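Residue numbers (our numbering): -18 to 869.
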């Protein structure tokens, strides 16, 4: 510890202060043992030495000033809370006096919210970033020695020996415990058997199925690792419960290990413990481990409060008629429905399909069911057996049904329970206790926005009706208003004046009202057809109508959109979304200066991009995410990916819309040209956890972006909102947002070039190594590479060849690298990334790498106007970007 530290250890205490890169000096492993890692042994040690950075931060804080600040804030908060409590008592006294005057003992009690305790910025840094000096504790050191011995024994090193010696450096008041580990010869598995008693033959068959469908963790030749054996017990018992063996926990399994006379070899046998139950007379009986089917399903739907009733006075009157009352806020349930529905079955091939009536369950409720029993039954996977080979119990069906019912968003509380039927063996009764949620919700949300590094602020007012038509249909009404900083399309006006830095000014005003209606089914598919679909689809239909008004310095944009889409799942990892139709009507009012600049460029690509248009788009989105299933299987790496295909204008070609409305050789509808294009876009990510021993503090994240759009027929180019761009805080971070030009286009040579660059195609690769200094401060080292390109060149512009994707595209890849800091506030992450270009495709050949000379570039600069040269960013200069959340 530094001498100028404000934190001092007691005179008789010794500080344990070790660098994390000296683990081999703390744990000494005698011999070569590939199965043992010193890193893993090190995690067992207590106390752990300080991390240098955290201790350094901690020592920078003056403890006297910190404690003074804490006391000062505590006094202020206590004074505020005393005033609030006094006000609360005065109000409650007045209310109580008024109630007594009226002869009523009850009154609505006022509860004032007290101010939370705050300790100041010094305490925040000391506790969240800093780390107090770790003191030497011999009791913990000796306990660590025992932990290492126990750990090695569990790993199969049954004869291991561990000793510890503590080295002291009195002058520095530091101590270094050194653990000497002698593992000796480990015990390995020689043979594996399963309990061969006849009463467990079904479980033995289930074990063979387990070996076929799951990768077993136990193999001949492996160490006799007790942790692995225990994990295998849990995995096998879960497999059995998912295979209709109700309540079969790992406590019914143990391993019989025989090592006698086997010279460090062991025979392992799966053994089953019988299930017993104590009877009324005190004797016990054995209940066989067997499979179960579902005998009955009951839905108990409770009212949350008085407001959840449609006619509460009528309900009270009905209660009184039965001689019942409300006790402890519980509303007695008075109505029962035995739900029977038809099931679509194919009885005989010759006579075709038929409908069969099947009992689905019992509903107990008040007044009227909040949603149809058909919809609730569609969320339940624990279906009643009809006597055939169906209706088997599976534990994951309980979890799946709970998740589905919760997803309806009309219940505030869901409690599933499964019990054995007392009257019929091998049958289970399922019960769902459901409490209704508030039907309507109002919210007011202020938000900070970040659009690829451009900051903004917005306010949203929202109204939600969660069950507007009685079928869990969700109506959402919202209006959002905000301001944002967006880059200007041109960095200079017509008269040559420099446009203000839009990254630092709120130059965009946006108003966004929206109406959305969601259905938990596929509309317009009928009930009969829905029954033929798998419940695992999680179907959803969304109908949106929105209007977006955006005012920028260059133009005013009005966007009206109507969309109708389906969304459904496939297994646990795949989501399909079909946007059958998305009608977009875009009206652009250009500023005079912006219109003149576009006219002077006379670029058909840009003129079409920034023009009025109408789109009728079909879009299909496929999403793959195996994070959940990987986590369930104990794996830490996962893949996330989306693939999008879209097309516009095909419907107008089919019906012949706009054939007679021709202006500028473009067909029109509603007075504006309609778009025609094809577009594909891919986003593939791989997250590789490189942390040691189940922690998540180190990860390598990879991302591949690839997309292309092709305009045809009535569209000379892609619309602005469908084009690709590169650069920014979530993209190639060595360049500012949307400033990377297509291919190798040297826009720095063109004094009339647009600042915002867009194109038809994108290819990008990102690699980011993420680690952390503490739970609050995290960091990353990253490399970004990619670019955007055009698919076709402009015959009238010979320099346009540089922007077209071709065989030399590798030389046109922009590459940058950098370092980023992330502050983790639990509910969101603030990110600051600094990056520098490594390879700049807009320089001349031989000058594109950061270490190369730039003679040609400097020669060209000398031919350009001085005021323009001064406005250019210096090549290979660093870029600082701000973001919320991870970039990917």
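We put the CB at the ideal spot given by N, CA and C, even for glycine.
Nothing here was measured: the structure is a model prediction, and the numbers come from that model.
Where residue i falls, given that 16 or more other Cβ within 10 Å makes a residue buried
| i | result |
| --- | --- |
| residue 669 | exposed |
| residue 417 | buried |
| residue 200 | exposed |
| residue 881 | With the chain covering only -18 through 869, there is no way to say anything about residue 881. |
| residue 723 | buried |
| residue 739 | buried |
| residue 119 | exposed |
| residue 577 | exposed |
| residue 205 | buried |
| residue 580 | exposed |
| residue 371 | exposed |
| residue 862 | buried |
| residue 507 | exposed |
| residue 505 | exposed |
| residue 150 | exposed |
| residue 346 | buried |
| residue 672 | exposed |
| residue 791 | exposed |
| residue 269 | exposed |
| residue 308 | exposed |
Three-state secondary structure (DSSP) of residue i
| i | result |
| --- | --- |
| residue 552 | coil |
| residue 388 | helix |
| residue 849 | helix |
| residue 327 | Note on residue 327: pLDDT 42, under 50, position unreliable in the model; no value is reported. |
| residue 62 | helix |
| residue 418 | coil |
| residue 749 | strand |
| residue 135 | helix |
| residue 41 | coil |
| residue 854 | coil |
| residue 322 | strand |
| residue 824 | coil |
| residue 315 | coil |
| residue 7 | coil |
| residue 338 | strand |
| residue 541 | strand |
Candidates the options: closest to residue i by CA position
| i | options | result |
| --- | --- | --- |
| residue 607 | 599, 615, 601 and 620 | 620 |
| residue 612 | 806, 554, 799 and 656 | 554 |
| residue 24 | 102, 202 and 128 | 128 |
| residue 419 | 455, 426, 240 and 410 | 455 |
| residue 631 | 197, 96, 564 and 46 | 564 |
| residue 115 | 154, 124 and 132 | 154 |
| residue 101 | 707, 646 and 43 | 43 |
| residue 441 | 459, 407, 448 and 81 | 459 |
| residue 172 | 202, 178, 764 and 156 | 202 |
| residue 315 | 340, 282 and 288 | 282 |
| residue 871 | 135, 55 and 91 | Here the chain comprises residues numbered -18 to 869, so residue 871 is not present and cannot be evaluated. |
| residue 489 | 466, 511 and 503 | 466 |
| residue 679 | 246, 840 and 754 | 754 |
| residue 318 | 350, 566 and 266 | 350 |
| residue 615 | 180, 20 and 212 | 212 |
Rounded Cβ spacing between residue i and residue j (contact assumed at less than 8 angstroms)
| i | j | result |
| --- | --- | --- |
| residue 684 | residue 869 | 5 angstroms |
| residue 280 | residue 344 | 5 angstroms |
| residue 831 | residue 846 | Actually they are not in contact, since the Cβ atoms of residue 831 and residue 846 sit about 27 angstroms apart, beyond 8 angstroms. |
| residue 224 | residue 187 | 6 angstroms |
| residue 600 | residue 560 | 4 angstroms |
| residue 276 | residue 409 | 6 angstroms |
| residue 521 | residue 494 | Contact flag wrong, Cβ pair sits at about 23 angstroms. |
| residue 768 | residue 794 | 6 angstroms |
| residue 126 | residue 27 | 10 angstroms between Cβ atoms; not a contact. |
| residue 802 | residue 758 | 7 angstroms |
| residue 148 | residue 157 | 4 angstroms |
Cutoff 7 angstroms: residue i Cβ touching any chain B Cβ
| i | result |
| --- | --- |
| residue 136 | The chain inventory of the structure shown lacks chain B, comprising one protein chain alone. |
Query raised in the report: Is the region 286 to 297 close to the region 248 to 258, with three or more CB pairs under 8 angstroms?
Result: Here the region 286 to 297 does not lie against the region 248 to 258, with fewer than 3 beta-carbon pairs under 8 angstroms apart.
Query raised in the report: If we count Cβ pairs, one from each stretch, closer than 8 angstroms, do we get three or more for the region 387 to 398 versus the region 408 to 416?
Result: Contact holds between the region 387 to 398 and the region 408 to 416, because three or more Cβ pairs, one in each stretch, are under 8 angstroms apart.
Report task. Taking 8 angstroms as the threshold, find out whether the region 708 to 722 comes into contact with the region 687 to 696 through three or more Cβ pairs. Result -> No, because fewer than three Cβ pairs between the region 708 to 722 and the region 687 to 696 fall closer than 8 angstroms, the two stretches do not touch.
Query raised in the report: Touch check for the region 157 to 166 and the region 184 to 198: three-plus C-beta pairs under 8 angstroms?
Result: As far as the Cβ criterion goes, the region 157 to 166 does not touch the region 184 to 198, which means the pair count is below three.
**Report entry** Stretch-stretch touch, CB-based, cutoff 8 angstroms, three pairs: the region 135 to 151 with the region 29 to 45
**Finding:** These segments do not touch.
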